[in-house]
Amino acid sequence: MNGSESRFDRQRLLPWIGEQGQRRLRESHALVVGCGALGSAQAELLVRAGVGTLTIVDRDLVEWSNLQRQSLFDERDARAGAPKAEAAKRRLREIDSSVRIHACVEHLGPENAAELARGAGVIVDGLDNMPSRYLLNDLAVRDGVPFVHAAVVAMEGRSLAVLPGRPCLRCVHPEAPAPGALPTCDTVGVFGGAVAIVAGFAATQAIRVLAGRGDLASRGLWSLDLDAARAITIGADAAPSPECVCCAKRRFEWLDGDQMEQATVLCGRRAVQIVPRSAAGGSRRGAAVDFAALRSRLASHGRFEERDGILRGEVDMAVADTGAALELALFPDGRAIVSGTVDAALARSVYDRIVGL
424 MNGSESRFDR QRLLPWIGEQ GQRRLRESHA LVVGCGALGS AQAELLVRAG
474 VGTLTIVDRD LVEWSNLQRQ SLFDERDARA GAPKAEAAKR RLREIDSSVR
524 IHACVEHLGP ENAAELARGA GVIVDGLDNM PSRYLLNDLA VRDGVPFVHA
574 AVVAMEGRSL AVLPGRPCLR CVHPEAPAPG ALPTCDTVGV FGGAVAIVAG
624 FAATQAIRVL AGRGDLASRG LWSLDLDAAR AITIGADAAP SPECVCCAKR
674 RFEWLDGDQM EQATVLCGRR AVQIVPRSAA GGSRRGAAVD FAALRSRLAS
724 HGRFEERDGI LRGEVDMAVA DTGAALELAL FPDGRAIVSG TVDAALARSV
774 YDRIVGL
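Anchor point for the sequence shown: position 104 equals 527 in this note's numbering, and the numbering is continuous, going up by one each time.
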């Protein structure tokens, strides 16, 4: 090990950590999926706490707009458009060079989720969309791996520790919301202070699990409203729902790929079509996009208008190889066409950020 173990002296004084807990942390492996605001803050806290192995999964590149709240990145990363996972790895190695860090620059999907989580003692949510969260929840419940869910937008946030025998994410949110129903950081903004608080709370639950004190992990859905200076816990004494599709009925629809969106490059059009499962005959058929609400939230991103039953507009970002603006056409069933790119991963990212399904 490089450096002195004295770096953890103050942490060892905590009764629930001590020598044994610190040793367990050094021997542990955490998977952080998503390395944006929440993911990067949680990854840093895990490394500074002494976690021995960290796997970071993120498909996106660092942008200038990330620097306001994504603590592991700097202007050099934004200027280079560096992959977030790789940039985070470089910075985290500077914090503790003894930590084994695996950077995976790829899209999380049913086909690779289990492999990415192999050997992990906890799965940490740094994501920005509900389908991928449901996918991780399926994986965690199926394989009995603790999963710490976290989310933040504007001045609000939440966290839920999903452990064996406790309610899972689908006990709390049984079905995914309709496309465009939830606000996103790109439509209503996000405050860095809210990110820091939620990340600190969620990372604490992950560290408790890895230190062998999962019994101390917070029960129920922890909810933050920073505008009101209030944090509450909902359902602290709740049991898993006997009607839960995931943990009670053991149906892993997202992990099996039944619910995940499909991305197809449209031949000859320099465009990618994103088809959520609801538009492809899945169980969520009938959940329509609220164009009026979505158009209002998108006002700061350009001019979006509804024509012929389709919401259309330009997205405030550019394709790296051409500099051309991306155009989004959103259909009532949640299907979208992202024009100006043939990069399916970029199109998925735009869809997640703008539509917020």
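C-beta: ideal position from N, C-alpha, C; glycine also.
Small disclaimer: the values here were computed from a predicted structure and weren't measured.
Going by beta carbon distance, what residues of the same chain come within less than 6 Å of residue i, once the five residues before and after it are set aside?
i: Glu729; result: Phe714
i: Ala654; result: Leu647
i: Cys667; result: Arg593 and Cys594
i: Cys452; result: Per the sequence shown, residue 452 should be read as His rather than Cys. Only Thr476, Gly542, Ala543 and Gly544 meet the Cβ criterion.
i: Ala703; result: Here Ala703 scores only 45 on pLDDT, less than 50, and its place in the model is too uncertain to base an answer on.
Name the DSSP beta bridge partners of residue i, please?
i: Cys527; result: Val480
i: Ser582; result: Ala573 and Trp645
i: Ala686; result: Ile697
i: His452; result: Thr476
i: Asp679; result: Asp679 is not bridged to any residue.
i: Ala747; result: Per DSSP, none; premise fails for Ala747.
i: Pro506; result: Leu484
i: Val762; result: Contrary to the premise, residue 762 reads as Ser rather than Val in this sequence. Ser762 pairs with Ala694 and Glu750.
i: Asp548; result: Val456
So, is residue i buried or exposed, given that buried needs 16 or more other C-beta atoms within 10 angstroms?
i: Leu437; result: exposed
i: Lys672; result: exposed
i: Pro590; result: buried
i: Pro569; result: buried
i: Trp645; result: buried
i: Pro699; result: buried
i: Gly616; result: exposed
i: Pro597; result: exposed
i: Glu450; result: exposed
i: Gln445; result: buried
For residue i, which residues of its own chain have a beta-carbon under 7 Å away from its beta-carbon, when the five flanking residues on both sides are left out?
i: Ile440; result: Gln434 and Ala634
i: Glu556; result: Per the sequence shown, residue 556 should be read as Arg rather than Glu. Hits under 7 Å: Asp548, Leu550, His572 and Leu592.
i: Val765; result: Val688, Arg693 and Val695
i: Lys512; result: Ile479, Ile524 and Ala526
i: Ser781; result: Residue 781 is absent from the model: the chain starts at 424 and stops at 780.
i: Gly705; result: Note that Gly705 has pLDDT 44, beneath the 50 cutoff, so the model's placement of it is unreliable and the number below is only indicative. Excluding residues within five positions, the ones whose Cβ falls inside 7 Å are Asp681 and Gln682.
Could you tell me how far apart the beta carbons of residue i and residue j are, in whole angstroms, since I believe they sit closer than 8 Å?
i: Ala466; j: Leu531; result: Actually they do not touch by this definition, with Cβ atoms about 15 Å apart.
i: Asp500; j: Ala510; result: 4 Å
i: Val575; j: Val618; result: 5 Å
i: Val773; j: Leu749; result: 6 Å
i: Asp432; j: Gly457; result: Rounded, the Cβ-Cβ distance is 32 Å, inconsistent with contact.
Under 8 Å Cβ to Cβ from residue i, same chain only, skipping five residues before and after it: list those, please.
i: Leu558; result: Leu531, Gly532, Pro533, Ala536, Trp677, Leu678 and Met683
i: Gln628; result: Val571, Ser582, Ala584, Ala640 and Ser641
i: Leu448; result: Ile440, Ala472, Gly473, Val474, Gly475, Ile630, Leu633 and Ala634
Does the Cβ of residue i lie closer than 8 Å to at least one heavy atom of the ligand ADP?
i: His530; result: With respect to the ligand ADP, the structure shown offers nothing to examine, as it has no ligands at all.
Counting beta carbon pairs with one atom in the stretch 601–610 and one in the stretch 635–643, are three or more of them shorter than 8 Å? no
Could you check whether the stretch 515–522 touches the stretch 473–491, counting it as contact only if at least three pairs of C-beta atoms, one from each stretch, sit closer than 8 Å? yes
On the three-pair Cβ rule with 8 Å, is the stretch 615–623 touching the stretch 560–568? no
The stretch 484–504 contacting the stretch 656–670, beta-carbon criterion three pairs below 8 Å: no
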